[in-house]
Amino acid sequence: MTWCVVLLSLLLVGCVHTDESQGFDTHTDGSQGFELWFTTNKDEKERAPIYFDNPLPTWLKGTLIRNGPGQFEMGKRKFLNAIDGYSKLSSWTFSGNGSAYFSTKFLRSESYKESRTNNNVAPFLTFGGVAPPFSDIEKADAVGHQLDNTNVNVFQYMDDDSPVFVAVSDVWKLYEFNSSLSTLGPVNAKHPVKEPADRIGFIDSMSCAHSLPEYGTSDTYFNFYSSLSLIPGIKHKLTLVRINSVNDRQVVAEWDTDKVAYMHSFGVTPNYVIFFIAPYFVNIEELLLHGSVGDGMDWFPKENTTVYIVNTKTRQTYNMNISTVMALHHINAFEFPDGKIAVDVAGHQDPFFSNVFKISNIYNVTSRAHSKYRTSVTRYIFDIKKNNYITQTWPDSDKYQCASTLEVPTINEHYRSKPYCFVYGSVFNFDGEDFAHIALVKKDVCGQKRDKALYIPNHYPTEAWFIPSPPGGATSEDDGYLATIFLDGTTKKSYIALIDPKNMTITHKAILPTVVPFNIHGRFFPDSV
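Our numbering numbers the first residue of the sequence shown as 52 and each following residue consecutively.
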């Protein structure tokens, strides 16, 4: 059976077992080679040529860069959670003349270099801890070093008058690297504060891996940082900042909070920045005791989620409580003509990610089958004048009844902070049989049931990034390609795939010269005209 015929048969399966999918059994296995996705690969490459099975469009010029864990142990010590693995950057460069190149290198962070020097996991703060565990002295060192392994996402900020690439995670610190993926060094920009004298006794390290562009600009971004107060009676702080360059940050707004919460993303509209503060709070005593972030967080399922809405023009801040939701990933946000604010999120009922990526779960088929969590693509519509909100969801099409449960969402970035229709994402454990059963989906949030899905047994896709067709060539929101990296668990090889978003079919495929381990986020950087 040819590749195209196999793919066509898979597309008919959808996300659930229906009459149309009878005869295709995803339960026989469908997870072969999954553990390889979370296995160390020390290979490094620079501009290795790769060859696609179909000619690339000439307009496709630029570089896709992704970030994620590439090494899960050092010496005799190993990480207990996969998301703690040492950062490994990978890139795919498209020249516009049909040629393409692949590079992959470890980020030379301070934690990585010290660990390599000593052939042991160095005492830096982790999310899930290590085995054998750090000693009490090492735990203290880890807390003092804080999180250093920026293995979550990549951006391009300005540095003086030139753009530079940066590797980021949910901390303030970041690392610069160049187009060849060579690490240039750490950046720990000065924290912008209203009153410097008031910051004594605060730890200002928590931030987020999803900066968002300020509407109407090309090179300024919004982000935030949380300030943990160590002085009893002094409240914690949350600060919204504007990033003008790698080292130039400005305070937009700042306010006191009773607790410090973990946030991985937020929303931006032309006039507002929106935060969902779920009841997942830092417990400083447990953090200091265990020396790991996961052990230093408390989840309060009976508490509401607090929403802060900041007017970026007037700096006025509004807040209201909503039903408990953990919005790990915001999808998009925009404003209606009547002034109401729409915020779309992939919402959860708990911080699921703290457990599903434990190595003990990843390597255990039974545990993976029980790694079930419920995501819901939900729109919150806020009326700040009346201080209330409503929610909206969209029924899935009959054929693809898991599209609303996607994670790691991406959109056509030309529609960022604007009304839009399509969100793309991954559905882990889409059939309830194995966390390794991952479908790529397209969800229609305009209510026309134009949902689509792609599932290939034993193939494991990363977050799919939307590369839009060039201006003048696009006639609809879904004109372009989704770019994703698959691991084929049967051949033990990785490949990059370009997918037609209109029907979720693979149109271009190139085998890579080495396996690309699971990676978390990335983005496409088009060449300057």
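Glycine included, every Cβ here is placed at the ideal spot set by N, Cα and C.
Everything numeric in this text was worked out from a predicted model, so none of it was measured.
Looking at the backbone, the Cα of K112 and that of D434 are separated by about 42 Å. By the Cβ test, the segment 533 to 551 is in contact with the segment 504 to 516, since at least three Cβ pairs between them sit closer than 8 Å. Counted as a single uninterrupted DSSP element, the alpha helix (DSSP H) harbouring D187 occupies residues D187 to H196.
Rounded to whole angstroms, the gap between the alpha carbons of T368 and K391 is 15 Å.
Per the coordinates, the alpha-carbon of N274 lies some 16 Å from the alpha-carbon of G267.
Around the Cβ of H421, a 10 Å sphere holds fewer than 16 other Cβ atoms; the residue is exposed. In this structure, the straight-line span from the alpha carbon of E227 to that of D449 is close to 46 Å.
CA-to-CA, the gap between H341 and P184 works out to about 9 Å.
The DSSP assignment places complete alpha helix (DSSP H) segments of no fewer than 4 residues inside the segment 310 to 397 at 335 to 341, in order along the chain. Unbroken beta strand (DSSP E) runs of no fewer than 3 residues, entirely contained in the segment 81 to 130, are found at 96 to 101, 112 to 122 and 128 to 130, following chain order.
S418 carries a helical assignment under DSSP once its states are collapsed to helix, strand and coil.
Leaving aside the five residues that flank T271 on each side, the residues in its chain whose CB is nearer than 8 Å to its CB run, in chain order, P264, E265, R293, I294 and N295.
Residue burial is scored here from C-beta neighbours: L281 has fewer than 16 other C-beta atoms within 10 angstroms and is therefore classed as exposed. Per DSSP, the beta bridge partners of W143 are L115 and F153. Using a 10 angstroms sphere on the CB of W223, the tally of other CB atoms reaches 16 or more, which defines it as buried. Fewer than three Cβ pairs drawn from the segment 461 to 473 and the segment 439 to 446 lie within less than 8 Å of each other, which leaves the two stretches out of contact. For K437, no alpha helix (DSSP H) run applies, since DSSP gives it neither H nor E.
Annotation: the continuous alpha helix (DSSP H) that includes V407 extends over F404 to V407. Buried is the label assigned to Q122, since at least 16 other Cβ atoms lie within 10 Å of its Cβ. Leaving aside the five residues that flank E161 on each side, the residues in its chain whose CB is nearer than 7 Å to its CB run, in chain order, D199 and P237.
Counting C-beta atoms within 10 angstroms of its own C-beta, F387 has fewer than 16 neighbours from the protein chains shown and is therefore classed as exposed. In the DSSP assignment, S277 falls within the beta strand (DSSP E) that extends over Y272 to S280.
Listed in chain order, the non-local C-beta contacts of F178 below 7 Å within the same chain comprise N132, I134, D135, S343, V344 and G345, local neighbours out to five positions each way being set aside. Using a 10 angstroms sphere on the CB of N204, the tally of other CB atoms reaches 16 or more, which defines it as buried. For Y266, the secondary structure class from DSSP, reduced to helix, strand or coil, is coil.
In the structure shown, Y506 adopts coil according to DSSP, grouped into three states. Between I373 and V358 the beta-carbon gap is near 6 Å, inside 8 Å, which marks them as a contact. A distance of 8 Å or more separates the beta carbons of Y475 and K500. By the criterion of a C-beta distance shorter than 8 Å, G252 is surrounded in its chain by S280, L281, I282 and I285, once the five residues flanking it on both sides are discounted. Nearest to S231 by C-alpha distance, out of W143, A525, T365 and W306, is W143. Within the DSSP bridge table, the entry for I550 names L533 and I557 as partners. Counting along the chain, I410 sits inside the alpha helix (DSSP H) bounded by residues I410 to I413.
Rounded to whole angstroms, the gap between the alpha carbons of Q207 and I462 is 18 Å. Membership of N169 in the alpha helix (DSSP H) is indicated by the continuous run E161 to N169. Put simply, the backbone Cα of W110 is about 50 Å away from that of N334. Distance from the CA of S277 to the CA of S150, rounded to the nearest whole angstrom, comes to 44 Å.
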